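What follows is one structure encoded as structure tokens, with my remarks underneath.
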Amino acid sequence: MLSWIYSLLGSIWNVLSRKKKTTLLMLGLDNSGKSTLLCRLATGTMAQLAPSARPNSDSFEFENLTVTAYDIGARRVWSNYFSATDAVLFLVDGSDVTRFPEAAKELNGLLSAEELSGMPVAVLNNKVDVPGALGMLDFKEQMQIDRCCSGFRLVGRRPLEAFASSVKLGCGYQDAFRWIAANLRD
Ligand SMILES: Nc1nc2c(ncn2[C@@H]2O[C@H](COP(=O)(O)OP(=O)(O)O)[C@@H](O)[C@H]2O)c(=O)[nH]1
Ligand SMILES: [Mg+2]
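Take the UniProt record's numbering: the last position of the sequence shown gets the number 186, and nothing is skipped along the way.
Here is the structure:
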């Protein structure tokens, strides 16, 4: 009887502790921090990487998720990866106001993409460690997502949220991953 209970508890534990597998696209303009973040998550180190437009992928564990992430530099190939992903992490260099219109346009294009409809999209206001980086209210306004966060965007009905992060200091993006994990579709 006791061994039966132990084996039952063991099976329950296995099910509860099993990590959920997910695929994530890391998108954003060049210089937003995509490759640095993927390197940090996959190797635990903060490296100074040479800019590269070549797609780069790696896997890492985050809490109860096993994540396969694709860091795609070249914008023209982003859509090749849409059908294979479960969520999108869109990085923005929050310290470079001159490129906000360009970043907002790319984000808007993603939010309108049929293949990504309903998919959770987390937007990172990255590089908040840089003096003068934009606060979250201004950031959301600049990215034209100020009226659709914390709920569902009206067009496409998808979870969309923005987070402040510093890949350099190692903070902020963890909240985005937790939010993505909570919003993944089964
Ligand atoms: N100050 C600061 N610099 C960052 C941060 N994240 C990335 N960077 C730097 O921004 C530059 C571009 O990063 P990279 O990962 O190559 O951007 P990618 O083109 O989007 O892959 C590099 O010099 C990084 O060290 C951050 O949070 N703060
Ligand atoms: Mg890169």
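Note that the Cβ used here is the ideal one computed from N, Cα and C, for glycine as well.
Quick caveat: nothing in here was measured; it's all calculated off a predicted structure.
Three-state secondary structure (DSSP) of residue i
i: A47; result: coil
i: A113; result: coil
i: T36; result: helix
i: L169; result: coil
N- and C-terminal bounds of the beta strand (DSSP E) containing residue i
i: G28; result: K20 to G28
i: L162; result: The sequence shown places Ala at residue 162, rather than the Leu named in the question. Taken as a continuous stretch (DSSP letters only), the beta strand (DSSP E) holding A162 covers P159 to A164.
i: E141; result: Not the beta strand (DSSP E): E141 falls in the alpha helix (DSSP H), residues M136 to Q142.
i: L91; result: A87 to D93
i: E61; result: N56 to F62
i: A69; result: L65 to D71
First through last residue of the alpha helix (DSSP H) which encompasses residue i
i: Y173; result: Y173 to N183
Cβ shell of residue i (< 6 Å), same chain only, five flanking positions each side left out
i: K168; result: D129
i: A42; result: D58 and F60
i: G33; result: L91, N126 and V167
i: G10; result: none
Neighbourhood of residue i by C-beta distance below 8 Å, restricted to the same chain and skipping five residues each side
i: F102; result: According to the sequence displayed, residue 102 carries Glu and not Phe. Result list for E102: L29, in chain order.
Beta-carbon proximity of residue i to residue j, cut-off 7 Å
i: I180; j: P120; result: yes
i: A133; j: S165; result: no
i: K140; j: A162; result: yes
Nonlocal neighbours in the same chain, by C-beta distance under 7 Å from residue i, ignoring five residues either side
i: R99; result: L29 and D93
Could you say if the region 72 to 79 and the region 51 to 58 meet the contact criterion of at least three C-beta pairs nearer than 8 Å? yes
Cβ contact check for the region 76 to 93 and the region 25 to 43: 3 or more pairs under 8 Å: yes
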